[in-house]
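All remarks here apply to the structure that follows.
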Amino acid sequence: MTGFDVVTGAFSYSGAAIARELQATGRRVRTLTGHPGRVPEPGAAGGIEVRPLDFADPAALAEAMRGAGTLYNTYWVRFARGDVDHPVAVTRSRVLFQAAVAAGVRRIVHVSITNPSAGSPYPYFRGKAAVEQALRDLGVSHAVLRPAILFGGDGVLLNNIAWLLRRLPVFAVGGTGEYRVRPIHVDDLARLAVRAGDSDATEVIDAVGPERPTFLALVQTIRAAVGSRSPLVRVPGALIPAAAQLLGLALRDTLLTAEEYQAMADGLADTDGPATGETSLSQWIADHKDTLGRVYANELTRHFR
Numbered sequence: 004m005t006g007f008d009v010v011t012g013a014f015s016y017s018g019a020a021i022a023r024e025l026q027a028t029g030r031r032v033r034t035l036t037g038h039p040g041r042v043p044e045p046g047a048a049g050g051i052e053v054r055p056l057d058f059a060d061p062a063a064l065a066e067a068m069r070g071a072g073t074l075y076n077t078y079w080v081r082f083a084r085g086d087v088d089h090p091v092a093v094t095r096s097r098v099l100f101q102a103a104v105a106a107g108v109r110r111i112v113h114v115s116i117t118n119p120s121a122g123s124p125y126p127y128f129r130g131k132a133a134v135e136q137a138l139r140d141l142g143v144s145h146a147v148l149r150p151a152i153l154f155g156g157d158g159v160l161l162n163n164i165a166w167l168l169r170r171l172p173v174f175a176v177g178g179t180g181e182y183r184v185r186p187i188h189v190d191d192l193a194r195l196a197v198r199a200g201d202s203d204a205t206e207v208i209d210a211v212g213p214e215r216p217t218f219l220a221l222v223q224t225i226r227a228a229v230g231s232r233s234p235l236v237r238v239p240g241a242l243i244p245a246a247a248q249l250l251g252l253a254l255r256d257t258l259l260t261a262e263e264y265q266a267m268a269d270g271l272a273d274t275d276g277p278a279t280g281e282t283s284l285s286q287w288i289a290d291h292k293d294t295l296g297r298v299y300a301n302e303l304t305r306h307f308r
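Heads up: the sequence shown begins at 4 in the working numbering, then just goes up one per residue.
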């Protein structure tokens with residue numbers, strides 16, 4: 004049996020959860036990270052070996068993965084920044100997969116998104132579909148996990164909804180708010196990923212939790228849990244991206260892109276299939292009501308500063 008597995012971004016969010024789950028099963032973990040300088044000494048890596056995620060050097064990527072059993076890929080970009088957009092992320096993902104094959108990696112577990120489509124009007128979802136196709140084209144044993152929204156740990160979305168509810172005089176919900184979401188706990192995603200890595204089946208799994216509230220109901224649940232008195236008001240959906248942009252300027256962050264809102268309002272954060280995660284969203288919110296939203300989670304600071 005091979006001695007280690009590779010996780011992209013093992014110091015980020017979903018990658019960190021997958022790395023922890025692998026270590027809990029006794030596996031050795033090596034990470035490919037775009038920020039190797041953030042781990043100043045071996046002890047700070049939590050026993051994880053660190054290699055650079057340098058897409059400009061496919062040979063070095065292959066060498067870093069040589070001898071690995073499974074590649075767990077969480078690499079993606081949430082939104083375009085600088086010269087890196089979704090088409091660039093697709094190209095980079097192909098480079099990574101080809102390097103894994105060149106290294107002799109047995110299996111690839113790739114984290115995608117619910118409802119990817121080559122014909123989607125949204126670059127994010129088109130890009131995710133293109134990456135899945137690139138993986139299929141290689142012919143390597145693989146599994147694709149398709150989460151919609153992640154929660155738990157140091158996740159951003161639910162925390163920042165709570166943060167806004169604690170502070171804003173009013174909280175705006177776009178449109179009817181009746182579009183559904185299907186969040187999964189990040190640790191449930193990690194368990195799915197590790198099980199998929201141990202399998203030989205080529206499969207696509209919707210990584211979704213047992214609850215699928217409307218977005219309005221989700222906000223109402225968070226509001227009640229944190230004791231917010233901020234009234235919820237429905238506003239035309241077209242106003243939400245502009246409002247999020249203004250708040251983002253004040254917070255020096257990107258709260259929500261127009262594409263993210265529109266895709267959610269179109270139902271792309273929901274599925275009809277059975278739950279594959281076990282953690283109750285509403286119970287998790289109740290259990291974390293005292294800490295949820297106390298501190299703002301700045302995504303740009305986490306990834307770029």
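Beta carbons: idealized from backbone N, C-alpha and C, even for Gly.
According to DSSP, residue i sits in a beta bridge with which residue or residues?
i    : result
E52  : R33
H188 : F154
N76  : H113
T11  : L35
R147 : Contrary to the premise, residue 147 reads as Val rather than Arg in this sequence. Paired residue(s): H113 and V207.
G177 : V238
Since residue i contacts residue j with CB under 8 Å, what's their CB separation in whole angstroms?
i    : j    : result
L56  : G37  : 5 Å
D273 : A196 : That pair is no contact at about 21 Å.
V156 : V184 : Before going further, note that residue 156 is Gly rather than Val in the sequence given. At roughly 18 Å, the Cβ-Cβ gap does not stay under 8 Å, so G156 and V184 are not in contact.
P186 : S283 : Wrong, their Cβ atoms sit about 10 Å apart, outside the cutoff.
P172 : G130 : About 37 Å separates the two Cβ atoms, so there is no contact after all.
Among the options, which residue has its Cα nearest to the Cα of residue i?
i    : options                   : result
D275 : A63, T77, N118 and A175   : N118
L303 : D293, R84 and R169        : R84
F7   : R54, R33 and V87          : R33
L160 : Q26, A19, T257 and G180   : T257
A103 : E281, G70, A245 and F174  : G70
D269 : G178, V236 and E135       : G178
G3   : R97, V91 and E66          : Outside the modelled stretch of the chain, which goes from 4 to 308, sits residue 3, for which no answer is possible.
V108 : N76, I116 and A132        : N76
M267 : V173, Q286 and R215       : R215
I243 : S233, R255, V176 and S283 : V176
A300 : L35, A132 and G158        : G158
A133 : G29, G240 and R95         : R95
M68  : W79, L295, Y16 and R54    : R54
S285 : H306, F218 and Q265       : F218
Q265 : F128, A289 and Y16        : F128
Y78  : L35, L25 and A62          : L35
G296 : T28, S231, F14 and E52    : S231
Would you say residue i lies against chain B (beta-carbon separation less than 8 Å)?
i    : result
L250 : Of the protein chains in the structure, only one exists, and it is not chain B.
Report task. Inspect the CB distances between the stretch 109-119 and the stretch 243-251 and report whether three or more fall short of 8 Å. Result -> no
Query raised in the report: If you pair each beta-carbon of the stretch 218-225 with each one of the stretch 165-181, do three or more pairs fall below 8 Å?
Result: yes
Query raised in the report: At a cut of 8 Å, does the stretch 144-156 reach the stretch 201-211 through at least three beta carbon pairs?
Result: yes
Query raised in the report: How do the stretch 129-142 and the stretch 91-108 stand: do at least 3 beta-carbon pairs fall below 8 Å, yes or no?
Result: yes
Requested in this report: Write down every uninterrupted run of the alpha helix (DSSP H) in the stretch 208-248 whose length is 4 residues or greater and which is fully enclosed by it, in chain order.
Outcome: 218-229
Query - Sequence ranges, beta strand (DSSP E) only - wholly within the stretch 271-300, length at least 3 - result: none
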